[in-house]
Amino acid sequence: METDFDLAALDTTAACNKPHEFELTHPVSGAGLGVFWSILGKDSTAYRAKVRAFADQSLRGGNQKTSLDDLEARNVDALAAATVGWRSTKAGDGKVILGGEALEFNAANVRKVLSAIEPIRDQVQAQVNDLGNFMKG
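Going left to right, the sequence shown walks through residues 1143 to 1279 as my numbering numbers them.
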């Protein structure tokens, strides 16, 4: 006897609220870097709240022009909201290194890395958007 399909299995919000960890890779060689990033998905409560806040702000702003820099900063903020951790297997203390500086995990440092290094931002965005990281097919 076939069982009925439970539509709750399609609850992307519940699935995306569970962290997914991935290893950052070199943008040319594809080699793993030993730096692991933990994220929530695009339908997570945190990510959607940030995106909705930006949309609401834009709608209230009327005819104000938004620059590309503003859009990029908003994207960085949304990705930072979806980032719940990082670790490095290369550093003994697990901290991520940027420009020789060991960075503690916190929202300001996440924004700093995502703003400075576009290939990392691109990888984080791709992982956040991929529902397959959070749900079984």
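We put the CB at the ideal spot given by N, CA and C, even for glycine.
Check, Outcome
"May I ask which residues mark the beginning and end of the beta strand (DSSP E) holding E1163?", "H1162 to T1167"
"Since S1200 is in the alpha helix (DSSP H), which residue starts that stretch and which ends it?", "T1187 to R1202"
"Please classify A1244: does DSSP put it in a helix, a strand, or coil?", "strand"
"With a threshold of 8 Å between beta carbons, is D1235 in contact with chain B?", "In the displayed structure, chain B is absent; only one protein chain is listed."
"Does DSSP classify L1175 as helix, strand or coil?", "strand"
"Leaving aside the five residues before and after R1263 along the sequence, list all residues of the same chain whose C-beta is less than 6 Å from its C-beta, in chain order.", "L1256"
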